[in-house]
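Have a look at the structure below before the remarks.
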Amino acid sequence: MHSSLSLQDLSYKDKHWHEACFLCAKCRVSLVDKQFGSKLDKIYCGNCYDAQFASRCDGCGEVFRAAEDVAASKLEGEVNVYLL
1 MHSSLSLQDL SYKDKHWHEA CFLCAKCRVS LVDKQFGSKL DKIYCGNCYD
51 AQFASRCDGC GEVFRAAEDV AASKLEGEVN VYLL
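Take the sequence shown: its letters are residues 1 to 84, numbered as in full-length UniProt numbering.
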């Protein structure tokens, strides 16, 4: 049973969690007040999401960040910003 401190309802895309249960599906770190990503009905901290799902440069293998996506997409005349 959860304490009264964790009874706040956190929701995202029609799913609901107690504050104490709002954890990264991989590393189990708390996601309260942090950026997170979701994939296949699971939620991940930014690091785990990037490690598993983020787009990577075909040249160096580094993960694209939102600011880099804007700069790169301007070369093609469009803007695609990826946020967690």
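Virtual Cβ for every residue (Gly too), placed ideally from N, Cα, C.
Selection from the options that minimises the alpha carbon distance to residue i
i   : options               : result
A25 : D14, S38 and K34      : S38
C48 : F36, G59, D58 and K15 : F36
S30 : D41, L40, K15 and G46 : G46
Coarse secondary structure for residue i, derived from DSSP in three states
i   : result
D50 : helix
Identified DSSP bridge partners for residue i
i   : result
F36 : C45
K15 : Y12
F63 : It should be pointed out that residue 63 corresponds to Val in this sequence rather than to Phe. Paired residue(s): R56.
L23 : S30
Min CB distance residue i to chain D below 8 Å
i   : result
L31 : Annotation note: the requested chain D is absent from the structure, which comprises a single protein chain.
Spatial distance of residue i from residue j (CA atoms)
i   : j   : result
R56 : K42 : 21 Å
D50 : K13 : 20 Å
Y44 : L23 : 7 Å
L10 : A20 : 10 Å
V63 : Q52 : 10 Å
C27 : W17 : 17 Å
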